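Number of protein chains: 2
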Amino acid sequence: MLSKATFKLISSLELKKYRKESGLFVAEGGKCVCDLLECGLKAERVLATEEWLHTHEFKYNTDVTVVSNDELKKASFLQTPQGILGVFRQPSRMIDLEAPEKRLCIALDGVQDPGNLGTIVRIADWFGIEEIFCSESCADIYNPKTVQATMGALGRVKMFYTNLPSFLEQTKEKAPIYGTFLDGENVYDKKLLNRGIIVMGNEGKGISDECALHVCERLFIPNYPQGRSTSESLNVSVATAIICSEFRRRNN
Amino acid sequence: MLSKATFKLISSLELKKYRKESGLFVAEGGKCVCDLLECGLKAERVLATEEWLHTHEFKYNTDVTVVSNDELKKASFLQTPQGILGVFRQPSRMIDLEAPEKRLCIALDGVQDPGNLGTIVRIADWFGIEEIFCSESCADIYNPKTVQATMGALGRVKMFYTNLPSFLEQTKEKAPIYGTFLDGENVYDKKLLNRGIIVMGNEGKGISDECALHVCERLFIPNYPQGRSTSESLNVSVATAIICSEFRRRNN
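In order, the protein sequence lines correspond to chains A and B.
When we follow my numbering, the leftmost residue of the first sequence carries the number 1, and every step to the right adds one.
When we follow my numbering, the leftmost residue of the second sequence carries the number 253, and every step to the right adds one.
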């Protein structure tokens, strides 16, 4: 049986303030929880229903509290709880300032939708991008909705929150900085290296002026047929996927 | 002032049953409402706040009921109403069975998340894909969440619900049918024509066996570096975007 204190702890982790204070976050569902454990993240608590444990293999050296469906429902942030919930410690990682010189990285400038942020982490993981540098104005990576949207990729991609304009300024002498703009050049025709930073902007406003200043390679995903009246833009996670795919296609 | 009957009508349109009975749907926000009017969709009602009308140009030949912020808040399906809401008639369009012979189309096999469906409509619009054929098991295109995610693209892309396996069976003699599978061939290396159908599958289960039977070109988006342990898959809207981008890159 779960104590009131545990329910209270978990429910507090819906808010950034308490996630920051405690250094904890919640992940739900077998894929998310097991992927994070697989990547070596430390779980403070794992709750699972008997049914889930009977129908899944759980091979990690972590205590599991068996809970009833009702208890899990009460603890879960999901409309349909997924049988297992983990409370994890946020990993603390050193920022590698030289990463963009050696490999391809992503920088996010004010991506505010938790779902978009999580989807971008999953895309980065698919395309072997190990670091994402976020402006302070981005959604919190440990928001339960974001964690859910990463589908476990969060354990494999390193996330850093930083003063993005100043980070880009420091980096631009040493590595190319790419960004997408409505007046950029056709990404299919541009020379794309296998290192540097791809900057993606806010859902409504795109890349801020402060960051745009440091972008040396302005890209654009052409619509089809070119020049046709169409949607004004692509969703930021969709655009990130297309750009990453094009970098990896060229350099595979 | 809005009548009780109008509030009741709008609120009923959150449910598929009433959307089907009435043939109506709701779109919100200036971009969505104006794009649909621009495309010639018929609005039965348009509600807008005085503030919205003062700060935006509204050039369409349609009656607008001025409502208070409170009234709009009561009518709206959004947490933060966008100043304008339209009740539209669902367009009835003839299915063009020969479209896949002439141009690139998308088929969706059980895409169930309303947000994914809407995002895919927006992607189709960007890449000049005029028709999307949906299995009966897909989310309803007129779900308010889906309409919102299309960002107005819904007016430009024709949506058809049909028995997908039998439609693919009829079509496969005349046009190539592409689909993504985890054991498919590298999409960057495959020959891709500028016509035919791209089949995208359900979020969890992918393309059903009944539809897979008719796919003649099995594609795969390679991860990077190839063979590395990574996310198990990409989100369906993200995968659709990458595939469409690759078709259009080759044939632009």
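We put the CB at the ideal spot given by N, CA and C, even for glycine.
Given the structure is predicted, the values throughout are model-derived calculations rather than measurements.
Residue span of the alpha helix (DSSP H) that contains residue i, given as start and end
i       : result
A462(B) : Checking the sequence, you will find Glu at residue 462(B) rather than Ala. Here the alpha helix (DSSP H) through E462(B) covers D461 to A464.
F220(A) : Run containing F220(A): none in the alpha helix (DSSP H); it sits in the beta strand (DSSP E), E217 to F220.
L288(B) : G282 to E290
K272(B) : K268 to S274
T423(B) : L416 to T423
E498(B) : V488 to R502
F58(A)  : Counting along the chain, F58(A) falls outside any alpha helix (DSSP H), and DSSP gives it neither H nor E.
L9(A)   : K4 to S12
Residues of its chain near residue i, where Cβ-Cβ distance is below 6 Å and the 5 sequence neighbours each way are ignored
i       : result
I393(B) : M411
E469(B) : P428 and Y430
G30(A)  : H56 and I84
G436(B) : R470, L471 and F472
S68(A)  : none
R248(A) : F127
G118(A) : T146, A149 and T150
R45(A)  : V87
Y449(B) : At residue 449(B) the sequence reads Ile, which differs from the Tyr that was named. If we look at I449(B) and ignore the five residues flanking it on each side, its Cβ neighbours are P352, C357, A359 and I429.
W52(A)  : G83 and I84
V64(A)  : V46 and A48
Proximal residues to residue i (C-beta, below 7 Å), its chain only, five neighbours per side dropped
i       : result
E462(B) : P417
S12(A)  : Y18
N438(B) : F472 and P474
C39(A)  : G155 and R156
F419(B) : F385
Distance cut-off 7 Å: residue i Cβ against heavy atoms of the ligand GDP
i       : result
P417(B) : Summarising the ligand content, the structure contains no ligands, and the ligand GDP is consequently not present.
Beta strand (DSSP E) segment containing residue i, residue limits
i       : result
K191(A) : No beta strand (DSSP E) contains K191(A), which DSSP labels as neither H nor E.
V451(B) : G448 to G453
R45(A)  : A43 to T49
Residue i, buried or exposed, once every other Cβ within 10 Å from all chains shown has been counted against 16
i       : result
A5(A)   : exposed
P225(A) : exposed
V318(B) : exposed
E246(A) : buried
L356(B) : buried
I95(A)  : exposed
R374(B) : buried
F7(A)   : exposed
Q258(A) : Because residue 258(A) is not part of the residues shown, which for chain A are 1 to 252, the question remains open.
N143(A) : buried
N251(A) : exposed
Q331(B) : exposed
L267(B) : exposed
H466(B) : buried
T189(A) : First, the amino acid is wrong: residue 189(A) is Asp here, not Thr. Counting Cβ neighbours within 10 Å, D189(A) comes out exposed, since fewer than 16 surround it.
D125(A) : buried
R93(A)  : exposed
L486(B) : buried
L37(A)  : buried
L192(A) : buried
D287(B) : buried
Cβ-Cβ separation, residue j to residue i (assumed contact under 8 Å), whole Å
i       : j       : result
A107(A) : V236(A) : No, A107(A) and V236(A) are not in contact; Cβ-Cβ is about 12 Å, not under 8 Å.
A43(A)  : F88(A)  : 5 Å
S135(A) : D109(A) : 5 Å
R480(B) : G128(A) : 6 Å
I372(B) : A327(B) : No, I372(B) and A327(B) are not in contact; Cβ-Cβ is about 27 Å, not under 8 Å.
Y432(B) : A491(B) : Note on identity: in this sequence residue 432(B) is Thr, with Tyr being the wrong assignment. Going by Cβ atoms, the distance from T432(B) to A491(B) rounds to 6 Å, so yes, they are a contact pair.
L47(A)  : L72(A)  : 6 Å
N116(A) : E203(A) : 7 Å
P352(B) : R447(B) : 7 Å
E131(A) : P81(A)  : 32 Å between Cβ atoms; not a contact.
I253(A) : I494(B) : The structure shown does not extend to residue 253(A), since chain A is modelled only from 1 through 252, so no value can be given for it.
Chain-order list of residues whose beta-carbon lies under 8 Å from that of residue i (same chain, five-residue window excluded)
i       : result
E425(B) : none
E205(A) : The amino acid occupying residue 205(A) in the given sequence is Lys; Glu does not appear at that position. Only G110 meet the Cβ criterion.
N415(B) : S387 and E388
I459(B) : D361, G431, T432, F433, V451, M452, G453 and V467
K102(A) : R195
- Item | alpha helix (DSSP H) segments (min. 4 residues) lying fully within the region 316-395 of chain B | 321-327, 351-354 and 366-378
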